[in-house]
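Take the sequence shown: its position 197, counting from 1, is numbered 197 in full-length UniProt numbering, and each next residue is one higher.
By construction, the Cβ of each residue, glycine as well, lies at the ideal position given by its N, Cα and C atoms.
What follows is a single structure, written as structure tokens, with notes after it.
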Amino acid sequence: MCSSMIRYILQPWFLMLILIWSKIAYTRHIIVGGSVWESLYIETPVLVVMIVLIEWIWQTKPRARFIVYVLINGLLSFVFFALIVYYRYFNTLATYTSLFDLGQAGDVTASIASLIQPQYYLLFADIPLLIAAAMSWLILRKRRRTEGRLPALPVRNRYGFACVLAAMTIALLNVLQAIGGGTVNELVKAKDMGLITYQAYAVYADAKRMLNKDQQTISPEAIRRVKGIKLAEDPAWHGIAEGKDVYVVQLESFHDWVIGLEVGGQEVTPNLNRLLDESFYFDRIYQQIGKGNTSDAEFVMNTSLYPTGIMPMSRQTAGMIVPSLPRYLKPYGYESVTMHTNQVKFWDRNLMYQALGFDAYYDKEFFGEEDYLHFGASDEVLFRRSIEVFLEIKERGKPIYANLITMSSHNPFELPDEKRMLELPDHLAGTFLGNYLESVHYADYAFGIWIDELKAHGLWEDAMLVIYGDHFGVSDTAAEEDLEAAAELLSVGYYSKEQMFNVPLIIRVPGLEEGVVRHNMGGQIDILPTIMNLLGIRYDDLVIFGQDLLNHERNLIGQRTYLPSGSFINEEVIFIPGAGLEDGWMVPLEDPLMETKSPLHYRDDYHRALRLLSMSDAYIASLPMQEAVPVMAATEE
Numbered sequence: 001m002c003s004s005m006i007r008y009i010l011q012p013w014f015l016m017l018i019l020i021w022s023k024i025a026y027t028r029h030i031i032v033g034g035s036v037w038e039s040l041y042i043e044t045p046v047l048v049v050m051i052v053l054i055e056w057i058w059q060t061k062p063r064a065r066f067i068v069y070v071l072i073n074g075l076l077s078f079v080f081f082a083l084i085v086y087y088r089y090f091n092t093l094a095t096y097t098s099l100f101d102l103g104q105a106g107d108v109t110a111s112i113a114s115l116i117q118p119q120y121y122l123l124f125a126d127i128p129l130l131i132a133a134a135m136s137w138l139i140l141r142k143r144r145r146t147e148g149r150l151p152a153l154p155v156r157n158r159y160g161f162a163c164v165l166a167a168m169t170i171a172l173l174n175v176l177q178a179i180g181g182g183t184v185n186e187l188v189k190a191k192d193m194g195l196i197t198y199q200a201y202a203v204y205a206d207a208k209r210m211l212n213k214d215q216q217t218i219s220p221e222a223i224r225r226v227k228g229i230k231l232a233e234d235p236a237w238h239g240i241a242e243g244k245d246v247y248v249v250q251l252e253s254f255h256d257w258v259i260g261l262e263v264g265g266q267e268v269t270p271n272l273n274r275l276l277d278e279s280f281y282f283d284r285i286y287q288q289i290g291k292g293n294t295s296d297a298e299f300v301m302n303t304s305l306y307p308t309g310i311m312p313m314s315r316q317t318a319g320m321i322v323p324s325l326p327r328y329l330k331p332y333g334y335e336s337v338t339m340h341t342n343q344v345k346f347w348d349r350n351l352m353y354q355a356l357g358f359d360a361y362y363d364k365e366f367f368g369e370e371d372y373l374h375f376g377a378s379d380e381v382l383f384r385r386s387i388e389v390f391l392e393i394k395e396r397g398k399p400i401y402a403n404l405i406t407m408s409s410h411n412p413f414e415l416p417d418e419k420r421m422l423e424l425p426d427h428l429a430g431t432f433l434g435n436y437l438e439s440v441h442y443a444d445y446a447f448g449i450w451i452d453e454l455k456a457h458g459l460w461e462d463a464m465l466v467i468y469g470d471h472f473g474v475s476d477t478a479a480e481e482d483l484e485a486a487a488e489l490l491s492v493g494y495y496s497k498e499q500m501f502n503v504p505l506i507i508r509v510p511g512l513e514e515g516v517v518r519h520n521m522g523g524q525i526d527i528l529p530t531i532m533n534l535l536g537i538r539y540d541d542l543v544i545f546g547q548d549l550l551n552h553e554r555n556l557i558g559q560r561t562y563l564p565s566g567s568f569i570n571e572e573v574i575f576i577p578g579a580g581l582e583d584g585w586m587v588p589l590e591d592p593l594m595e596t597k598s599p600l601h602y603r604d605d606y607h608r609a610l611r612l613l614s615m616s617d618a619y620i621a622s623l624p625m626q627e628a629v630p631v632m633a634a635t636e637e
């Protein structure tokens, strides 16, 4: 009997069940947590269905059956590995839509590699052994025939059918339990219904969303009603930059906390610091990017719409006519251009720039590979060559609307020696945090050169500058020693999501004699209405989800990606839901050690934030398609 049991246990189906379940339990532990028991009763039913189907299809073909098991085990090992790395990068769960982003991976290989920990490779530890076993099994197959074949799992009978039915019922109950309580947090859904089941659910949910598009009319009044704001009849600072050129500089991986920071007696951002003396400085602005990272920051800033969180907005809005700053400024004679030294197809920017209505884009084809850094020419080249473009536009007698997307301070923050201009103390030299500080210091240096160039070419007097960070550089999931060093550097108890998501916003307006610091909370979604107010352009009838930061004191912004759906930021906290509102948790914005209120205190903000996200999704889905008229690509002459 013992020998029969051993032979039964050593069957491929049983070994695969144990191996795959072990891997998915390990993946769950990293991404969603939970107990081993939860992994057993939530994940096993789907694995049972898979194994029964394999046994049923290849019951009379043991060789094919074994090969299928080996292939599926290998495939799922790669899937689980990808889920872990994706989670480390985005703090959310990858779905089928993430497959479309594989083409971007090559450009951020170094960033991805920095997220991989050696223990993740344990997911592949069994594969060489299985391949060796498969080869041995094939070689010895004839001999084993004479000794008797290991029996297949008896599935072509009522017991097999009952097994599949029971497993599918349990899996369905897990799904219904996960969605029945109104859970919006994707990670909680995946934890409750299973990682594999969630992938199928994501396909179903997206298909349902496409088939049942919300046909409601989204009006500016309805948005303001949900936000709880009213437009000022006589807005402050209205039109003080009327007719000025608008240069928007998006700084890569730029935290607000580097502004004014000194390390070893040196300013990390001396040029930005000096600019504050003649600018509006908003020190409580938070990133709102989706799965398109940097490109989504461009989208949010230019549209005042929320990213959907399904896929990069460049792909989500491909072929659409998206209301945007380039389109809003066109009637006022502005010529709109956008610049980035990488290839325009990175994050499908070519699709986004067409949707946003830019007149022209300038990418690697224009900037070349001079002073190559990371993905293309350095920030110094970006800023220097941009002057050529601006002078040509001025020769045509048009005001300028320009976006400049920097990238020299991109993760993993490795600069050549000649660009390391910040003298770091010994405890920071050579560390991740030290490299980050050197990178943003170099970005500030390149920015300072650009300001000198604007002045030298007579462009400064009419230049309205809008400078903001696209997203974080130092995550709260970084190595413990880096988090401790960051907390010590910033003199905070611990490095929290408040420091992580806080990005700078600086708006320099010609003629502003004294700097103005604003402490009201806002997001990247608020940049568009703030710019339009300064330009003297009313936006009363425009569908925008942000608000003018100079004329509203209180705010509420929704969050997607890096935080689960249902998250929001108000004047007091970053709220992160659990399964719902009641088990959510909060990160105070002012004092990380401050005692927080009950989640129920934020019930109204929670539902209003979800409503705003839903309204934005509905509006984006309703946008018209355009004829394929490509944006003009500028090339090196």
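Asked                                                                                                                : Found
CA nearest to the CA of residue 334, picked from 243, 72, 232, 79                                                    : 243
Sub-9 Å separation of residue 293 and residue 426 beta-carbons                                                       : no
Bridge-paired residues (DSSP) for residue 585                                                                        : 576
Sub-9 Å separation of residue 462 and residue 192 beta-carbons                                                       : no
Unbroken beta strand (DSSP E) run spanning residue 561, endpoints                                                    : Note, residue 561: premise wrong, no beta strand (DSSP E); not H, not E.
Nearest-angstrom Cα separation, counted from residue 507 out to residue 640                                          : Only positions 1 to 637 of the chain appear in the structure, and residue 640 is not among them; the question remains open.
Residue 527 vs residue 464 beta-carbon contact at 9 Å                                                                : no
Own chain residues within Cβ distance below 6 Å of residue 351, not counting five before or after                    : 314, 318
Inside the stretch 36–115 only - alpha helix (DSSP H) runs reaching at least 4 residues                              : 36–57, 62–90, 109–113
N- and C-terminal bounds of the alpha helix (DSSP H) containing residue 449                                          : 432–456
Reference residue 362, options 378, 381, 376, 337, closest by Cα                                                     : 337
Classification of residue 37 by the beta-carbon crowding that lies within 10 angstroms, buried from 16 upward        : exposed
Residue burial classification, residue 253 (beta-carbon count within 10 angstroms, cutoff 16)                        : buried
Counted within 10 angstroms of its Cβ, other Cβ atoms place residue 239 as buried (16 or more) or exposed            : exposed
Whole-angstrom distance between residue 489 and residue 260, CA atom to CA atom                                      : 12 Å
Complete runs of the alpha helix (DSSP H) confined to the stretch 319–374 [at least 4 residues]                      : 325–329, 349–356, 364–367
Cβ neighbour criterion (16 or more within 10 Å) applied to residue 148                                               : With a pLDDT of 46 at residue 148, under the threshold of 50, the modelled position of this residue cannot be trusted; read the value that follows with caution. Counting Cβ neighbours within 10 Å, residue 148 comes out exposed, since fewer than 16 surround it.
As assigned by DSSP and simplified to three states, the class of residue 268                                         : coil
First and last residue of the uninterrupted beta strand (DSSP E) at residue 296                                      : Careful: residue 296 lies outside any beta strand (DSSP E), inside the alpha helix (DSSP H) at 294–303.
Own chain residues within Cβ distance below 6 Å of residue 402, not counting five before or after                    : 247, 337
Own chain partners of residue 589 with C-beta closer than 8 Å, once the 5 adjacent residues on each side are dropped : 284, 498, 521, 569, 571, 572, 573, 574
Coarse secondary structure for residue 12, derived from DSSP in three states                                         : helix
Beta-carbon proximity of residue 612 to residue 223, cut-off 9 Å                                                     : yes
Segments assigned beta strand (DSSP E), at least 3 residues, entirely inside the stretch 376–416                     : 400–405
Nearest residue (CA-CA) to residue 289, options 171, 419, 523, 482                                                   : 523
Ranges of the alpha helix (DSSP H) found wholly within the stretch 477–504, counting only runs of at least 4         : 480–490, 497–501
Which of helix, strand or coil DSSP assigns to residue 262                                                           : strand
Buried versus exposed call for residue 177 [16 or more other C-beta atoms within 10 Å across all chains shown]       : exposed
Assigned secondary structure, residue 421 (DSSP; H/G/I helix, E/B strand, else coil)                                 : coil
Opposing strand residues paired with residue 209 [DSSP bridges]                                                      : Per DSSP, none; premise fails for residue 209.
Inter-residue CB distance, residue 577 and residue 185 (contact presumed, cutoff 8 Å)                                : 5 Å
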